[in-house]
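Participant: Okay, handing you the structure first.
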Amino acid sequence: MALLQVHFIIFQKRVNRGWSKVPDVSIAISAQDKYLSALNTMAKITKSFSKDMDEMEDTLGRLNKNKYTLKMDLKDAQRQLEKAEKQFQKTGKAKDELAPSLSCLRARNSARLFQQAGGMGLRPVPPCYLRGM
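The letter at position 27 of the sequence shown is residue 709 when you use my numbering, and the numbering goes up by one with no holes.
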């Protein structure tokens, strides 16, 4: 495809109902520029592509910020989980330490309720030795 087309037209003069053998000096030139339209089309496409790239860059920036936020949230959640696990282990140890005392208190309470209900001939309930009591 030619980017620039040039047409030459030479006019002949009409003489005595015929055409002269010598061409007229008048010459018409027409030119059609296809190069500029191709450049304009490329410029439009480049501008559109540039706009799309800017939008994609903005989107990637937002996604990176979200990724960083999620990473920080995950680290915070992991720290809280570790704290909760440690607290749960402490609670389990405390429960194990209190288990004998609780069973002694339950036994005393059951015996007292049985005596109050009229249970005869039972020995007195021995005292429980509790830590801190």
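Note that beta-carbon positions come from the ideal geometry of N, C-alpha and C, so glycine has one too.
How many angstroms separate the CA atom of Q762 from the CA atom of T741?
Facilitator: Locating residue 762 in the sequence shown gives position 80, where the first residue counts as 1. Locating residue 741 in the sequence shown gives position 59, where the first residue counts as 1. Spanning the two alpha carbons is a distance of roughly 31 Å.
Participant: Please report the distance separating the alpha-carbon of Q771 from that of A759.
Facilitator: As a first step, residue 771 is located in the sequence shown; it is residue number 89 there, counting from the start. As a first step, residue 759 is located in the sequence shown; it is residue number 77 there, counting from the start. If you take the alpha carbons of Q771 and A759, they lie about 18 Å apart.
Participant: Taking just the CA atoms, how far does G743 sit from A720?
Facilitator: Counting from one through the sequence shown, the residue named residue 720 turns up at place 38. Counting from one through the sequence shown, the residue named residue 743 turns up at place 61. Distance between the alpha carbons of A720 and G743: 34 Å.
Participant: Would you report the Cα separation of A725 and D715, rounded to the nearest angstrom?
Facilitator: Along the sequence shown, read from residue 1 onward, the residue named residue 725 stands at position 43. Along the sequence shown, read from residue 1 onward, the residue named residue 715 stands at position 33. Rounded to whole angstroms, A725 to D715 spans 16 Å at the Cα level.
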